[in-house]
Ligand code: MD6
Ligand code: FE
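Residue numbers (the numbering used here): 70 to 265.
As structure tokens, then:
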């Protein structure tokens, strides 16, 4: 089960941008290493009870930010309310996110095909919001070799998925060059999960 909710949060760009500025004062964006030995082209940080990190050893959800050695900033009510209402709209009534991964893409950033498999409970959906520049989202199958379908994710769009589709491969093929009035030459993605 998955649903693209066009423009679900498009009137919230300024509030989201301001909230991210506050969060990143405490937990700055960083380019994390991967187990394959390169650095990601997407800058990331988190808020909520858990944050997602990658390093040379693997991928984890952790309670403290390894950069600041402090707890992750708390998840703003604005974020949580948006995530829960988008989940509801897509048919998931009991979504209770404990992590919001914040991804920042420049025009050269990409995210290769992957599955989201670091969470404990795969019965919980994932709720993802796009802001700023358009990202070309590839939505594949349950195996890496299935040819993905492309979705152009625009400012304020929400993409919710779970159930049978929870383990589908996906990624960001590229960012469409442009200038967003709030986010400039970046695309911001907020991905909410129940991590633990
Ligand atoms: C992105 N999103 O949209 C990257 N994962 O920038 C993801 O990797 C993602 O959008 C799981 C569910 C929805 C997503
Ligand atoms: Fe993902």
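Heads up, the beta-carbon is just placed ideally off N, CA and C, and yes, glycines get one too.
Alpha helix (DSSP H) containing residue i: first to last residue?
i: residue 150; result: 146–158
i: residue 203; result: No alpha helix (DSSP H) holds residue 203; DSSP gives it neither H nor E.
i: residue 90; result: 82–95
Based on DSSP bridge pairs, tell me the residues matched to residue i.
i: residue 214; result: Paired residues: none, contrary to the question.
i: residue 72; result: 229
i: residue 115; result: 170
i: residue 247; result: None; residue 247 has no bridge partner.
i: residue 219; result: 207
So what does DSSP say about residue i, is it helix, strand or coil?
i: residue 232; result: helix
i: residue 79; result: helix
i: residue 162; result: coil
i: residue 196; result: strand
i: residue 254; result: coil
i: residue 240; result: strand
i: residue 190; result: coil
i: residue 224; result: coil
May I ask which residues mark the beginning and end of the beta strand (DSSP E) holding residue i?
i: residue 131; result: 127–131
i: residue 324; result: Past the boundaries of the shown model lies residue 324; the chain is included only from 70 to 265, so the question cannot be answered.
i: residue 120; result: 120–124
i: residue 183; result: 180–183
- Mind listing, in chain order, the residues whose beta carbon lies closer than 6 Å to a non-hydrogen atom of the ligand FE? 183, 185, 239
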